[in-house]
Amino acid sequence: MSEPKPDEEFRRFLGEGRFMIQRSLETGAYVFFPRVAEPGTGAALEWVQASGRGTVHATTVVRKKPPEPSYNVALIDLEEGPRMMSRVEGVEPDAVVIGMAVRAAIAEQDGEPVIVFTPAEVWG
Amino acid sequence: MSDRFPRGRTAIVGAAVFGQGRAPGYEASDLAAVASINALKQAGLAPADVDGLFFCHGTDTLGGLSFAQYLGIQPKVVDNSRIGGSAFQAYVELAAWLLDAGMIEVALIAYGSNQASAAGKLVNTVRPMPYEGPYRPLNPVSSYALAAGRHMHAFGTTKAQLGEVALAARGWAQLNPEAFKRDPLTAEDYAASRLVSDPLGVLDCCLVTDGGAAVVMTRADRARDLAQIPIHVLGAASETTHREIAWMPDLTVTGAARSGERAYRQAGLSSREVDVVQVYDAFTINTILFLEDLGFCPKGEGGRFVEGGRIAPGGELPVNTNGGGLSCVHPGMNGLFGIIEAVRQLRGEAGDRQIAGAEVALAHGNGGVLSSQATVILGTAAAC
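Chains as they are written, first to last, in our numbering: chain A, 101 to 224; chain B, 16 to 399.
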């Protein structure tokens with residue numbers, strides 16, 4: 101039996117510029133964060149590319165003392181179903197609102213790739 | 016499904032706090048030990064009588080063993096489970112079953128933390144999850160802020176309504192000489208306070224204090240022969256829904272809806288029969304969520320429910336009568352302090368903040384980021 105190593109695979113995909121999530125071979129349900137099996141059923145999973153389309157489910161601004169900038173933290177509902185924590189960039193942190201359509205992008209942070217979102221209208 | 020919870024067959028026979036606020040020089044175990052020995056003394060017992068130990072330490076992951084060693088006891092059961100601040104309500108639940116089954120005779124549930132004096136901030140061993148860490152949520156505040164924002168969006172809850180919770184807690188604290196924050200607090204002070212993680216500001220967040228607490232439980236038949244008025248455990252149930260906030264099934268409904276429902280059913284009571292309520296107010300939004308989920312008002316009405324001082328001293332429903340985590344005490348985990356305040360109210364020893372004739376009290380614990388919930392319903396002999 102091959103070892104799935106889900107976190108490693110996720111990071112490898114991300115390093116290749118791909119935002120991958122998992123899908124159950126049994127129910128077809130999408131899964132994030134990466135796991136060895138579908139939550140609830142224990143079914144096997146396959147990797148699929150995420151559409152990158154999402155909607156802001158909840159949002160907050162972490163307030164820092166100037167000059168350190170305050171920043172956004174948001175929960176994003178992916179079009180495929182799973183919810184993830186991320187941040188919305190490209191607008192002021194307090195301009196992010198619940199229901200906003202967003203698109204995923206891969207940004208670099210401390211030398212590591214990380215998934216962030218930007219408002220969908222920027223993409224047209 | 017109805018369970019066979021031993022309603023009224025176990026009782027809290029000792030309940031004590033020590034070092035609430037600042038207790039410089041004491042280690043966490045010292046604070047827990049003073050509270051434990053005092054709680055045992057109330058019942059005419061000593062550490063050597065304890066054969067079931069329920070203990071959770073902020074950073075010592077084998078803290079249950081360490082505390083048994085500190086007390087010089089060799090318990091049959093040590094429960095060191097770490098589900099956050101709800102652990103203590105869950106310990107009461109488990110202790111009731113184990114006592115009733117005859118597995119143990121005397122349960123000691125204890126906690127201590129010197130985080131305020133030692134570090135000046137919340138101390139724990141939790142490391143950020145790899146799918147949260149890069150986004151730098153200021154946890155736990157940001158996770159509760161996301162839930163609060165969602166509640167506002169879904170139900171029109173306002174910042175001023177969150178403020179009502181903070182003001183009510185301070186009002187109770189002003190009646191409690193042991194509370195840490197007792198200076199007056201106005202709606203204007205609240206409105207002017209600094210935001211930490213929108214919509215939550217400093218006055219929406221619990222205190223950072225030291226403190227030790229302990230309760231002692233026995234079977235009710237044995238409790239009758241002990242020194243202290245027994246406070247009976249009528250119901251106790253737990254529910255876990257998630258760990259990180261992104262995986263909370265619905266950000267506006269906590270597991271308290273189910274732990275509460277089961278605890279009420281065990282007790283044969285409803286929210287209408289509860290005389291005094293203690294809910295884990297790590298943040299102001301918690302009180303609103305738990306009042307809804309525990310049936311004191313419909314879902315979504317919590318914000319409007321707390322308006323006009325309804326949960327403050329003199330209001331219709333007394334909530335967090337010691338001042339809660341917001342204004343009385345919050346040494347990392349607050350769950351046990353709510354249980355002790357419930358016991359004190361039922362014993363009639365709550366001084367200026369005493370709720371006259373209180374016979375049924377509810378103490379609800381919360382752990383993680385609204386992740387783990389546990390509800391305990393206590394009653395006097397008259398309520399059994």
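The beta carbon of each residue, even a glycine, is placed where N, CA and C say it ideally should be.
Terminal residues of the alpha helix (DSSP H) in which residue i lies
{"i": "B/Arg-362", "result": "350–362"}
{"i": "B/Gly-394", "result": "From DSSP, B/Gly-394 is part of no alpha helix (DSSP H) but of the beta strand (DSSP E) over 387–394."}
{"i": "A/Met-185", "result": "Segment 183–186 is the beta strand (DSSP E) holding A/Met-185; no alpha helix (DSSP H) there."}
{"i": "B/Tyr-279", "result": "271–282"}
{"i": "B/Val-292", "result": "That residue, B/Val-292, is in no alpha helix (DSSP H); its beta strand (DSSP E) goes 291–294."}
{"i": "B/Arg-237", "result": "235–238"}
{"i": "A/Arg-153", "result": "Run containing A/Arg-153: none in the alpha helix (DSSP H); it sits in the beta strand (DSSP E), 153–162."}
{"i": "B/Glu-108", "result": "102–115"}
{"i": "B/Val-180", "result": "174–188"}
{"i": "A/Arg-111", "result": "106–115"}
{"i": "B/Gln-84", "result": "78–86"}
{"i": "B/Arg-319", "result": "317–320"}
{"i": "B/Asp-45", "result": "43–57"}
Proximal residues of chain B, C-beta to C-beta of residue i below 8 angstroms
{"i": "A/Val-161", "result": "Leu-210, Ser-212, Asp-213"}
{"i": "A/Tyr-171", "result": "Arg-151"}
{"i": "A/Gln-209", "result": "Pro-149"}
Limits of the beta strand (DSSP E) - the one that residue i falls within
{"i": "B/Thr-299", "result": "Careful: B/Thr-299 lies outside any beta strand (DSSP E), inside the alpha helix (DSSP H) at 299–308."}
{"i": "B/Phe-70", "result": "67–70"}
{"i": "A/Ile-176", "result": "171–178"}
{"i": "A/Val-216", "result": "212–219"}
{"i": "A/Val-202", "result": "201–209"}
{"i": "A/Trp-147", "result": "145–149"}
Presumed contact (8 angstroms Cβ cut-off) between residue i and residue j, rounded CB distance
{"i": "B/Thr-224", "j": "B/Val-384", "result": "Their Cβ separation, rounded to whole angstroms, is 20 angstroms, which puts B/Thr-224 and B/Val-384 out of contact at 8 angstroms."}
{"i": "B/Ala-297", "j": "B/Ile-124", "result": "Not quite, the Cβ-Cβ distance comes to about 20 angstroms (not below 8 angstroms), so this is no contact."}
{"i": "B/Ile-392", "j": "B/Leu-249", "result": "5 angstroms"}
{"i": "B/Ala-26", "j": "B/Ala-252", "result": "About 18 angstroms; that fails the 8 angstroms criterion."}
{"i": "B/Thr-390", "j": "B/Ala-206", "result": "Rounded, the Cβ-Cβ distance is 33 angstroms, inconsistent with contact."}
{"i": "B/Cys-263", "j": "B/Gly-99", "result": "The sequence shown places Met at residue 263 of chain B, not Cys. Between B/Gly-99 and B/Met-263 the Cβ distance is about 14 angstroms, and since that is not below 8 angstroms, they are no contact."}
{"i": "A/Glu-189", "j": "A/Thr-155", "result": "Actually they do not touch by this definition, with Cβ atoms about 16 angstroms apart."}
{"i": "B/Glu-364", "j": "B/Asn-337", "result": "Actually they do not touch by this definition, with Cβ atoms about 12 angstroms apart."}
{"i": "B/Ala-61", "j": "B/Ala-31", "result": "Their Cβ separation, rounded to whole angstroms, is 14 angstroms, which puts B/Ala-61 and B/Ala-31 out of contact at 8 angstroms."}
{"i": "A/Val-196", "j": "A/Ala-220", "result": "Not confirmed; about 12 angstroms, so no contact."}
{"i": "B/Val-289", "j": "B/Thr-302", "result": "About 15 angstroms; that fails the 8 angstroms criterion."}
{"i": "B/Ser-274", "j": "B/Glu-254", "result": "4 angstroms"}
{"i": "B/Leu-332", "j": "B/Val-292", "result": "6 angstroms"}
{"i": "A/Arg-187", "j": "B/Tyr-150", "result": "5 angstroms"}
Residues that residue i bridges to, as DSSP identifies them
{"i": "B/Tyr-126", "result": "B/Ala-228"}
{"i": "B/Asn-381", "result": "B/Gln-388"}
{"i": "B/Cys-220", "result": "B/Phe-298"}
{"i": "A/Gln-122", "result": "A/Val-131, A/Trp-147"}
{"i": "B/Ala-30", "result": "B/Val-230"}
{"i": "B/Asp-94", "result": "B/Phe-69"}
{"i": "B/Ser-253", "result": "B/Ala-389"}
{"i": "B/Ala-163", "result": "In the DSSP output, where bridge partners are listed per residue, B/Ala-163 has none listed."}
{"i": "B/Leu-210", "result": "B/Gly-216"}
{"i": "B/Ala-376", "result": "B/Val-291, B/Leu-393"}
{"i": "B/Ile-246", "result": "B/Ile-27"}
{"i": "B/Gly-36", "result": "B/Asp-225"}
{"i": "B/Val-334", "result": "B/Val-292"}
Cross-chain neighbours of residue i in chain A, by beta carbon under 8 angstroms
{"i": "B/Ala-207", "result": "Residues of chain A passing the Cβ test: none, with the nearest at roughly 15 angstroms."}
Listed by chain order, chain B residues near residue i by CB distance under 7 angstroms
{"i": "A/Phe-133", "result": "Tyr-146"}
{"i": "A/Ile-121", "result": "Chain B residues near A/Ile-121: none, gap ~11 angstroms exceeds 7 angstroms."}
9 angstroms Cβ cut-off: residues of chain B touching residue i
{"i": "A/Ile-206", "result": "Ordered by position in chain B, no residue passes the 9 angstroms Cβ test against A/Ile-206, which lies about 12 angstroms from the chain."}
{"i": "A/Val-214", "result": "Pro-149, Tyr-150"}
Q: Using a Cβ-Cβ cut-off of less than 9 angstroms, list which residues of the region 132–157 of chain B approach chain A; keep chain order.
A: For the region 132–157 of chain B, the set of residues with a beta-carbon nearer than 9 angstroms to any beta-carbon of chain A comprises Met-144, Pro-145, Tyr-146, Glu-147, Pro-149, Tyr-150, Arg-151, Pro-152, Leu-153, Val-156, Ser-157, in chain order.
Q) If you measure beta-carbon to beta-carbon, which residues of the region 158–177 of chain B are closer than 8 angstroms to chain A? A) Per Cβ criterion, the list reads Ala-160, Leu-161, Ala-162, Gly-164, Arg-165, His-168.
(Q) Short of 7 angstroms Cβ to Cβ, which residues in the region 265–296 of chain B face chain A? (A) Those residues of the region 265–296 of chain B that come within reach of chain A (Cβ to Cβ, closer than 7 angstroms) are Leu-266.
Q: Report the residues of the region 173–191 of chain A with a CB closer than 7 angstroms to any CB of chain B, ordered along the chain.
A: Sequence-ordered contacts of the region 173–191 of chain A with chain B read Val-173, Leu-175, Arg-183, Met-184, Met-185, Ser-186, Arg-187 [C-beta pairs closer than 7 angstroms].
Q: Name, going along the chain, the residues of the region 244–267 of chain B whose beta-carbon falls closer than 8 angstroms to a beta-carbon of chain A.
A: So the close ones are Glu-259, Ile-260, Ala-261, Trp-262, Leu-266.
Q: With 8 angstroms as the C-beta to C-beta threshold (strictly closer), list the residues of the region 140–158 of chain A near chain B in chain order.
A: Hits within the stretch, in order: His-157, Ala-158.
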